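For the sequence shown, the UniProt record's numbering gives the first residue as 1, with consecutive numbering after it. We treat Cβ as the ideally placed atom computed from N, Cα and C, and that holds for glycine. These numbers come from a predicted model, not from an experiment. Data first, discussion second: the structure below is written as structure tokens.
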Amino acid sequence: MKTSYTLFLVGGMLVTGTLNTLLTKLQDMQCVGNCDDRNPAKRQLFEQPTWQTLNMFAGEIMCLAVLYVSIAWKHYQRRRQGYNELVTTDSLPEESNGGDLAEATLDDIPVTLANTQPLSGWKTFLMWLPALFDICGTTLMNVGLIYTSASVYQMLRGAVVIFSGIFSVLFLGHRLRTFQWLSLILIMTGVGLVGMSSVLFPPPPPPTPTEPLVHPLEAVGVGVEFSEKSFLGVMMVLMAQVFTAMQFVVEEKIMHRYHLVPMRAVGLEGMFGFVTVSVAIPVLHSLYGSSHPGSYFDMYDGFHQIADNPGVWTTSIAIMLSIAFFNWFGLSVTRTISATSRSTIDTCRTLFIWMASLALGWEHFQVLQVLGFLVLIYGTFVYNEVLPSPCCQPSEEDDLIDIE
């Protein structure tokens, strides 16, 4: 039973994680203007990274809603049994025996509860800081995905290991061992190869340009112009990893000091992020969008592109649900197996995204991209100690120093 449940969690994480990227890319491919024009360059595709960021946070808010529904249900059951102890988001995970959505992970937090205090009151607003980094990182990645293929986008996200490793040394006082530094070089090499494959060998447009739903890269042309936009997309995704790494570092800092259920942390970031982006959209429209119609910050244009096109708002709902389930599956995998296993599985979903993109005809097979991906995934596995390093094996002395 436990094996079946574990396989269900792993499968769910892979499926929803793959859908997150593919659905977002599919949304970028939706035609929202001049769709009947036979010239693909004149068609207007959906390019609203800010609204996509808002949609992502809406999905994370669902985690918070489900968490409190689960807490209320557990409290109701205890009252029916005549047991009236107060159930809170801080006590629930330790009182449960497993399988509960609300308890979804504490094992991945490397602290003892005796040394932490609940995150409550005004301290809850500390989660606003990682939400701000998440806003910057997600928006940049959404822009990058417009100009790169789904598989390249996902592979480039592996660069977050580089920045998070460096930032953890600078700001958290962590100590990386020699083999981990070498693995970061491997990851950097793999990311560079993947980025080069996107810039030097852009995928050609599909052979059916008259279809209303067209490849998003077809509309920006081919040759030098296309390569420049592809390079811009690669740079956007890589820049986003800096903000994502800072988000991870701040989250770890908060988790070390305060006792916070991870599912609640996801929901709080979603809530703070949703509020921030909701305020930022009209502000950016007033400052820039109103004088630049059709831009990323044109609030009215973005809203009508979503509301007036079923292909856009249906994918928005699907993305929202996929993100919510992905967070739950991921946290459940961390608790049921381990954080390292979750990282390994999350790396493997890149392969599924690439295979799906090839099957859908969104991109073509590129040897350089495959080579970069293999180097990237090997470096990631060595860094997480899933695979042994060919040199500089960790010694017992290193482990003792790390524990101290």
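- Looking at 194, 32, 74, 75, the one whose alpha-carbon comes closest to that of residue 368 is 194.
- Here residue 31 carries a strand assignment [DSSP, helix/strand/coil].
- Per DSSP, the unbroken alpha helix (DSSP H) holding residue 301 starts and ends at 299 to 307.
- For residue 117, the beta-bridge partners assigned by DSSP are 258.
- Under the three-state reduction of DSSP, residue 81 is assigned to coil, being neither helix nor strand.
- Distance from the Cα of residue 262 is smallest, within the candidate group 78, 333, 15, for 333.
- Within the same chain, and ignoring the five residues on either side of residue 61 in sequence, the residues whose Cβ sits closer than 7 Å to its Cβ are 267, 270, 271, 274.
- Its chain contains 184, 187, 188 as the residues whose beta carbon lies nearer than 7 Å to that of residue 162, once the 5 sequence neighbours on both sides are disregarded; these appear in chain order.
- Following the DSSP letters along the chain, one finds residue 130 inside the alpha helix (DSSP H) bounded by residues 128 to 147.
- Between residue 381 and residue 374, the CB-CB gap reaches or exceeds 7 Å.
- A straight-line Cα-Cα distance of about 12 Å links residue 126 and residue 260.
- Of all C-beta pairs linking the segment 343 to 355 to the segment 140 to 155, three or more are shorter than 8 Å, placing the two stretches in contact.
- Every candidate alpha helix (DSSP H) stretch fails here, since none sits fully inside the segment 358 to 382 while reaching 4 residues.
- In this structure, residue 296 sits near residue 50, with a CB-CB distance shorter than 7 Å.
- Residue 347 is a Cβ neighbour of residue 377, given a cutoff of 7 Å.
- When beta bridges are read from the DSSP output, residue 45 appears opposite 31.
- For residue 323, the enclosing alpha helix (DSSP H) has its first and last residue at 310 to 336.
- Linking residue 199 to residue 364 through their CA atoms gives a straight-line distance of about 14 Å.
- In the same chain as residue 174, and ignoring 5 residues on each side of it, the C-beta atoms closer than 6 Å to its own belong to 168, in chain order.
- Setting aside the 5 residues that flank it on each side, residue 284 is surrounded in the same chain by 297, each with a C-beta closer than 6 Å to its C-beta; the list follows chain order.
- Boundaries of the alpha helix (DSSP H) harbouring residue 163: 160 to 171, taken from the DSSP string.
- Assignment of residue 251 by DSSP, reduced to helix, strand and coil, places it in the helix class.
- Using a Cβ distance threshold of 7 Å, residue 253 and residue 147 do not count as a contacting pair.
- A Cβ-Cβ distance of about 6 Å is found for the pair residue 309 and residue 30, placing them in contact under the 8 Å criterion.
- Ranking 372, 379, 383, 390 by CA distance to the CA of residue 151 puts 372 first.
- Measuring C-alpha to C-alpha distances from residue 257 to each of 15, 118, 14, 65 identifies 118 as the nearest.
- Nearest C-alpha to residue 170 among 232, 136, 250: 250.
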